[in-house]
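Q:
Structure (structure tokens):
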């Protein structure tokens, strides 16, 4: 069994600021992290590795420094990593990204399962997983909270979270899954894997390696473009009350009354 | 402070620190309160390859030494020495096998201990034998291809939870301390059971229990080393393990210092953070100085021990004695810095103070450590030709 994990390196959202003059992300001094949801994807793949001895490969599309995110995945126990990096990939929207990732998955075949996080915390689109499934002509199940192999690894029983509960689905492999937190807490790196992760060779594949033309990738291969990035207007004044619970409750009621909030 | 760690040593520290931060800190208070054995944490430590740091690669370990193990123990101890003791006690149980076991015993047991699949434990103490090892009453009598063990071990860390026990028993009652031998006993061996689990002042997440041997039959090849070597094996094991207790002390002291400084910066009295008062400043300065001194001592002695020197009982005792006393002092002062809040269970320092006390007692009381140091001094100076009196 071969599981491919797609991950993304994102700015650490704890520190994201937008330059009010240029309306763009302030990248300077902002640390990059592995998209937190992708850590659940890695964990899902590693659980399959633990239970079935599945081979695991992690891929990401990004600038050369995205290699860090791949090394982190290796330190957690993922077997192999491939970096998809090329100047022509720059400016890709979700479609062009999916296109590139899908070609990489084809190059890694045979692949039985592709796992992604439910979405990235920078763009929040949740589109890449399903788009990749479309391009690969594979079934896709999103918001997966539990997965179990069955029928001699031919198919999977999936629990998919919904707003009100969860659905139980059965899917034939190969398939694409996007996973959520309930899949399991990401593990802590192992010492042996961590040592290996520092040394392991990570191949870099560009557009030519994937048989893609410049107009199929990056900005040129994108249907959408970001026209403007802006901070939403502040949500109004916030006040933090202090004191004992009783004092704060009294103060809150006083404020609500003075603002003519109905019921007070 | 830069202790010039190698890249691999740095990784060990980082992994242990991550486990301490993300997995131990959130649960330590509950495990302490409920006296619950930290199985979940042990699984994480196993998955992170930390159980075999001091075990050679040939037996499934990492191939490091005492120092590497101390780095991990310190970081875990910074969060909870109850949990870190559980981890470290497996090493104490492994050392007799590692140091004196036959190749067969090493091949059989060390990989299981190194992988963390099984915990080990060390069984020496009895109701009448602690500091005085010659008071041991548990016997092992040879019977054909077997030894038959009878007796009760007391206060055994990891008792009941571990699967592999290194146990000291008398094989020749006429020879006193030279008539003792070490054996490997497995959980499930016929005639091996567990007695009462102790309720303790501190390190309450760790299991402390009686081992009861009632005509317990084990194959004769479970003997570690030769008959009569038991006392030496125990002493050599302690020589190797004592810096680990020191590392627990360093971690615990650091953990208490972390909380005391952060609290002193936030807590306001008389309109100012209490860290601006000299009474608090001097306390914190002493706590930090003692902690760093203990760390320097443990690190340098652990590193020296890993060069396999000939005699090191004195240094090993120092590496346990000083950090244990430092941990007691620093945790007590941390409670004082936090005042009434420190005395309440809402903050972790009261637990740290309760936990610290055991460091001055187990693996040889601090009084025994002083005895060892003084005996070695007496020997050392006895050998010297030079006089310093004139």
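Residue numbers (my numbering), protein chains in the order written: chain F, 1 to 264; chain U, 265 to 654. Even glycine gets a Cβ: it sits at the ideal position worked out from N, Cα and C.
1. Which residue from F/68, F/254, F/225 puts its Cα closest to that of residue 123 of chain F?
2. Applying the 10 Å Cβ sphere with the 16-neighbour rule, what's the burial state of residue 532 of chain U?
3. Go through its chain and collect everything with a Cβ distance to residue 36 of chain F's Cβ below 7 Å, but skip five positions before and after it.
4. Less than 6 Å between C-beta atoms, sequence neighbours within five positions excluded: which residues of the same chain meet that for residue 326 of chain U?
5. Would a C-beta distance cut-off of 8 Å place residue 446 of chain U and residue 497 of chain U closer than the cut-off?
6. Name the DSSP beta bridge partners of residue 149 of chain F, please?
7. Residue 311 of chain U by DSSP, collapsed to three states: which one?
8. Under 8 Å between the Cβ atoms of residue 19 of chain F and residue 30 of chain F?
9. So is residue 639 of chain U buried or exposed if we call it buried at 16+ other beta carbons inside 10 Å?
10. Look at the alpha carbon of residue 116 of chain F and the alpha carbon of residue 176 of chain F, and state the distance between them as a whole number of angstroms.
11. Using beta-carbon positions only, say whether residue 3 of chain F and residue 48 of chain F come within less than 8 Å of one another.
12. Determine the chain F residues that contact residue 590 of chain U at a beta-carbon separation under 7 Å, and present them in chain order.
13. Using the C-alpha atoms, what's the distance from residue 314 of chain U back to residue 522 of chain U?
14. With 8 Å set as the bound, which would you pick, yes or no: does the beta-carbon of residue 39 of chain F sit closer than that to a beta-carbon of chain U?
15. Is it the case that the Cβ atoms of residue 398 of chain U and residue 440 of chain U are separated by a distance below 8 Å?
16. For residue 5 of chain F, does the three-state DSSP call read helix, strand or coil?
17. Does DSSP put residue 323 of chain U in a helix, in a strand, or in coil?
18. Does any C-beta atom of chain F lie closer than 8 Å to the C-beta of residue 308 of chain U?
19. I'd like the list of long-range same chain contacts for residue 450 of chain U, defined as Cβ closer than 7 Å, with 5 residues on each side in sequence excluded.
20. How close, in whole Å, do the beta carbons of residue 581 of chain U and residue 633 of chain U come, if the pair is a contact with beta carbons under 8 Å?
21. I'd like to know whether the C-beta of residue 243 of chain F is nearer than 8 Å to at least one C-beta of chain U.
22. At a cut of 8 Å, does the stretch 471 to 479 of chain U reach the stretch 336 to 348 of chain U through at least three beta carbon pairs?
23. Comparing C-alpha positions only, which one of U/437, U/345, U/281, U/424 sits nearest to residue 458 of chain U?
24. In chain U, what lies closer than 7 Å to residue 71 of chain F by C-beta?
25. Hey, how far is the Cα of residue 479 of chain U from the Cα of residue 412 of chain U?
26. In whole angstroms, what is the alpha-carbon distance linking residue 590 of chain U and residue 549 of chain U?
27. Between residue 617 of chain U and the rest of its own chain, which residues show a CB-CB distance below 6 Å, the 5 nearest in sequence each way excluded?
28. Can you name the start and end residues of the alpha helix (DSSP H) that residue 512 of chain U belongs to?
29. From the DSSP output, in three-state form, read off residue 407 of chain U for me.
30. Output the boundary residues of the alpha helix (DSSP H) element that contains residue 116 of chain F.
31. Where are the alpha helix (DSSP H) runs, 4 residues long or more, that stay fully inside the stretch 332 to 371 of chain U, in chain order?
32. Could you check which residue in U/346, U/525, U/333 has the C-alpha nearest to that of residue 468 of chain U?
33. If we call anything under 8 Å between Cβ atoms a contact, is residue 119 of chain F one with residue 94 of chain F?
34. What does DSSP give as the partner residues of residue 457 of chain U in its beta bridges?
35. Taking 8 Å as the threshold, find out whether the stretch 159 to 167 of chain F comes into contact with the stretch 191 to 200 of chain F through three or more Cβ pairs.
36. Taking 8 Å as the CB-CB limit, is residue 312 of chain U close to chain A?
A: According to the structure shown:
1. Taking the first chain and counting its residues from 1, one reaches residue 123 of chain F at position 123. Comparing Cα positions, the closest option is F/225.
2. The count along the second chain starts at 1 and reaches residue 532 of chain U at position 268. Looking at its Cβ environment, which holds fewer than 16 other Cβ atoms inside 10 Å, residue 532 of chain U is exposed.
3. Reading the first chain from its first residue, position 36 is the one you call residue 36 of chain F. If we look at residue 36 of chain F and ignore the five residues flanking it on each side, its Cβ neighbours are 121.
4. To locate residue 326 of chain U, count along the second chain from 1; it is residue 62. The answer, listed in chain order, is 316, 317.
5. Counting from 1 along the second chain, the entry for residue 446 of chain U is found at position 182. Counting from 1 along the second chain, the entry for residue 497 of chain U is found at position 233. Yes.
6. Working through the first chain from its first residue, we reach residue 149 of chain F at position 149. F/156.
7. Here residue 311 of chain U is taken as the residue at index 47 of the second chain, counted from 1. Helix.
8. Here residue 19 of chain F refers to the residue found at position 19 when the first chain is read from its first residue. Here residue 30 of chain F refers to the residue found at position 30 when the first chain is read from its first residue. Not in contact: residue 19 of chain F and residue 30 of chain F (Cβ atoms no closer than 8 Å).
9. Translated into positions along the second chain, residue 639 of chain U becomes position 375. Result: exposed.
10. Taking the first residue of the first chain as 1, we reach residue 116 of chain F at position 116. Taking the first residue of the first chain as 1, we reach residue 176 of chain F at position 176. Using only the alpha carbons, I get a separation of about 8 Å.
11. As a working mapping, residue 3 of chain F is identified with position 3 in the first chain. As a working mapping, residue 48 of chain F is identified with position 48 in the first chain. In contact: residue 3 of chain F and residue 48 of chain F (Cβ atoms closer than 8 Å).
12. As a first step, residue 590 of chain U must be located in the second chain, where it is residue number 326. None at all; the shortest Cβ gap to chain F is about 28 Å.
13. For the purposes of this step, residue 522 of chain U is taken as the residue at position 258 of the second chain. For the purposes of this step, residue 314 of chain U is taken as the residue at position 50 of the second chain. Our two residues, residue 522 of chain U and residue 314 of chain U, have alpha carbons roughly 24 Å apart in a direct line.
14. Locating residue 39 of chain F in the first chain gives position 39, where the first residue counts as 1. So, not an interface residue.
15. Numbered from 1 along the second chain, position 134 holds the residue referred to as residue 398 of chain U. Numbered from 1 along the second chain, position 176 holds the residue referred to as residue 440 of chain U. Yes. Within cutoff.
16. Stepping through the first chain from its first residue, residue 5 of chain F is reached at position 5. Reduced to three states, the DSSP call for residue 5 of chain F is strand.
17. Numbered from 1 along the second chain, position 59 holds the residue referred to as residue 323 of chain U. In this structure, residue 323 of chain U counts as helix in the three-state DSSP scheme.
18. Translated into positions along the second chain, residue 308 of chain U becomes position 44. So, interface residue.
19. Your numbering for residue 450 of chain U matches position 186 in the second chain. Closer than 7 Å at the Cβ level, and outside the excluded window around residue 450 of chain U, lie 427, 428.
20. Position 317 of the second chain, counted from the start, is the residue given in the question as residue 581 of chain U. Position 369 of the second chain, counted from the start, is the residue given in the question as residue 633 of chain U. Confirmed, Cβ separation roughly 4 Å.
21. Residue numbering aside, residue 243 of chain F sits at position 243 when the first chain is read from its first letter. Chain U contact via Cβ: absent.
22. no
23. For the purposes of this step, residue 458 of chain U is taken as residue 194 along the second chain, with counting starting at 1. It is U/424 whose Cα lies nearest to the Cα of residue 458 of chain U.
24. Counted from its first residue, the first chain places residue 71 of chain F at position 71. Going along chain U, no residue has its Cβ under 7 Å from residue 71 of chain F, so there is no contact; the nearest lies around 12 Å.
25. Taking the second chain and counting its residues from 1, the one referred to as residue 479 of chain U is at position 215. Taking the second chain and counting its residues from 1, the one referred to as residue 412 of chain U is at position 148. When rounded, the distance between both Cα atoms is 5 Å.
26. What you label residue 590 of chain U is simply residue 326 of the second chain in a count that begins at 1. What you label residue 549 of chain U is simply residue 285 of the second chain in a count that begins at 1. Answer to the nearest angstrom: the Cα atoms are 13 Å apart.
27. Start at 1 with the first residue of the second chain, and residue 617 of chain U comes out as number 353. Only 595, 596, 599 meet the Cβ criterion.
28. Here the question's residue 512 of chain U lines up with position 248 in the second chain. Per DSSP, residue 512 of chain U belongs to the alpha helix (DSSP H) from 494 to 530.
29. Taking the first residue of the second chain as 1, we reach residue 407 of chain U at position 143. If DSSP states are grouped into helix, strand and coil, residue 407 of chain U belongs with the strands.
30. Translated into positions along the first chain, residue 116 of chain F becomes position 116. In this chain, residue 116 of chain F is not harboured by any alpha helix (DSSP H); it is covered by the beta strand (DSSP E) spanning 113 to 117.
31. Unbroken alpha helix (DSSP H) runs of no fewer than 4 residues, entirely contained in the stretch 332 to 371 of chain U, are found at 345 to 364, following chain order.
32. Locating residue 468 of chain U in the second chain gives position 204, where the first residue counts as 1. It is U/346 whose Cα lies nearest to the Cα of residue 468 of chain U.
33. In the first chain, residue 119 of chain F corresponds to position 119, counting from 1. In the first chain, residue 94 of chain F corresponds to position 94, counting from 1. Cβ atoms of residue 119 of chain F and residue 94 of chain F: not closer than 8 Å.
34. Here residue 457 of chain U corresponds to residue number 193 of the second chain, with the count starting at 1. DSSP output for residue 457 of chain U lists U/476 as bridge partner(s).
35. no
36. This model lacks chain A altogether, as its protein chains are F and U.
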